[in-house]
Amino acid sequence: MSTITQVATLAGVSKATVSRVLSGVTPVKEETRSRVLAAIETLSYSPNQAARSLASNKTYTIGLVASRIDTAYYGPAASGVERALRGGDRHVIIASGNGSLEGEREAVDFLIKRQVDALVLVTNFLSEEEVAGINERCPVFVLNQQFPGGEGHSIAFDNFAGGEMATQYLIDKGHQKIATVTGPLWKHDAYQRYLGCQKALQNANLPLHCQYEGNFSAHSGMAQMEAILALKDRPTAVFFANDIMAMGALHVCAQQGIKVPDDMAIIGFDDLDMSKYYAPSITTIKLPLYDMAEAAAYLLLNTIYATKHPIKHRFSPELVVRQSA
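As numbered in the working numbering, the sequence shown has no gaps in its residue numbers, which increase by one up to the final residue, 338.
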């Protein structure tokens, strides 16, 4: 079995330099880092993780809680976090909340009991106050969320601007009867998208034709679209607060013979990968979920392990024009 001394000798550096490369805590010149990594590979060196943990009082393990791991939304987020942390030589344990509040709580408890150094939460049901309580037990990092006391632990997205942008696009296309299907309005991102929608309508001196509250699921998109199509005075366009609800709405429109966008324009939010493959493809607001998840992981590494990764702390929306609006 090779040793750190042998790695240092082969790479022509000190043992301290090898340790810095392994920990990722202190920057090392790329040429030196490459030599050390090459020596590690040549010698098949594997650091003693147990000894490393005892010396630092850290497990070098991160917990990731995703509300679900089988949907188009949470997959890119989990992938972005896992790739960044693995690149920083950190182990990641992923736990699913199985789409429920109780499941998310159980996943958090499971990971804290395994003494992870920090948590990344990509959840749907935990309230801001509950996340703040979890942060007192174990450092929490989030993306597109907020929680009291979480300053410096979140990667932000301008949901208000995104809601305004989506609605303004419909206005610019000539629509005057515009409805919205929001996410749960107790959630910060859903409420901000709703406020942005209202702002665009206010600026155009237009009323909000009608508003329904969904829960970000395809089923709720279907249910709210059925309610909208049952109206005597239908809107001509609907802004859905996420692409998954918009997909459910498109399914209902196809069932009822409603042509999109001729009879009803639909715009979504998130720009999930599958949105461009729908018929019609979904006009949407891009939320760069993978990039934000990666940034959250780098923020964690900098905060917990004193690394020095450059971080983009706030992301802006982008309109993606396709066929549905």
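The beta-carbon is built from N, C-alpha and C at its ideal position, and this holds for glycine as well.
Taking a cut-off of 8 Å for Cβ pairs, the stretch 204-224 and the stretch 268-281 do not touch, as fewer than three such pairs fall below it.
Excluding sequence positions up to five before and after residue 197, its CB lies within less than 6 Å of the CB of 203, 228, all in the same chain and listed in chain order. Of the residues 257, 223, 254, the one whose Cα lies closest to the Cα of residue 245 is 223. DSSP places residue 76 outside any alpha helix (DSSP H); the residue lies instead in the beta strand (DSSP E), whose first and last residues are 74-79. Counted as a single uninterrupted DSSP element, the stretch harbouring residue 319 is not any alpha helix (DSSP H), since DSSP gives it neither H nor E. Using a Cβ-Cβ distance cut-off of 8 Å, the stretch 291-307 and the stretch 250-264 are in contact, since at least three pairs of beta carbons, one from each stretch, lie closer than that value. Of all alpha-carbon atoms in 91, 96, 136, the one lying nearest the alpha-carbon of residue 113 is that of 136. The DSSP-derived three-state label of residue 22 is helix. Nearest to residue 281 by C-alpha distance, out of 304, 328, 46, 332, is 332. Among the bridge pairs identified by DSSP, residue 290 is matched with none.
Residue 209 and residue 310 have their alpha carbons spaced roughly 28 Å apart.
Closest in alpha carbon position to residue 55, among 81, 115, 20, 44, is 20.
For residue 134, the enclosing beta strand (DSSP E) has its first and last residue at 131-135.
Nearest to residue 175 by alpha-carbon distance, out of 31, 275, 300, 115, is 300. By alpha-carbon distance to residue 265, the top candidate from 232, 102, 247 is 232. In the DSSP assignment, residue 279 falls within the beta strand (DSSP E) that extends over 278-280. Membership of residue 144 in the alpha helix (DSSP H) is indicated by the continuous run 141-150. Residue state for residue 264 is assigned as helix, using DSSP reduced to three classes. In this structure, residue 295 lies away from residue 130, with their beta-carbon atoms at least 8 Å apart. If you ignore the 5 residues before and after residue 249, its C-beta comes within less than 6 Å of the C-beta of 188, 190, all in its own chain and listed in chain order. If you look at residue 233, you'll find it in the alpha helix (DSSP H) that goes 231-242. Contact check for residue 145 and residue 116: beta-carbon distance about 20 Å, past the 8 Å limit, so the pair fails to qualify. Here DSSP, grouped into helix, strand and coil, assigns residue 190 to coil. Counting every other CB atom within 10 Å of its CB across the protein chains shown gives residue 283 a total of 16 or more, marking it as buried. It is roughly 10 Å from the alpha-carbon of residue 237 to the alpha-carbon of residue 243. Inter-residue distance for residue 111 and residue 91 is about 14 Å (C-alpha atoms, whole angstroms).
Each residue's CA atom was taken as its position, placing residue 287 and residue 85 some 8 Å apart.
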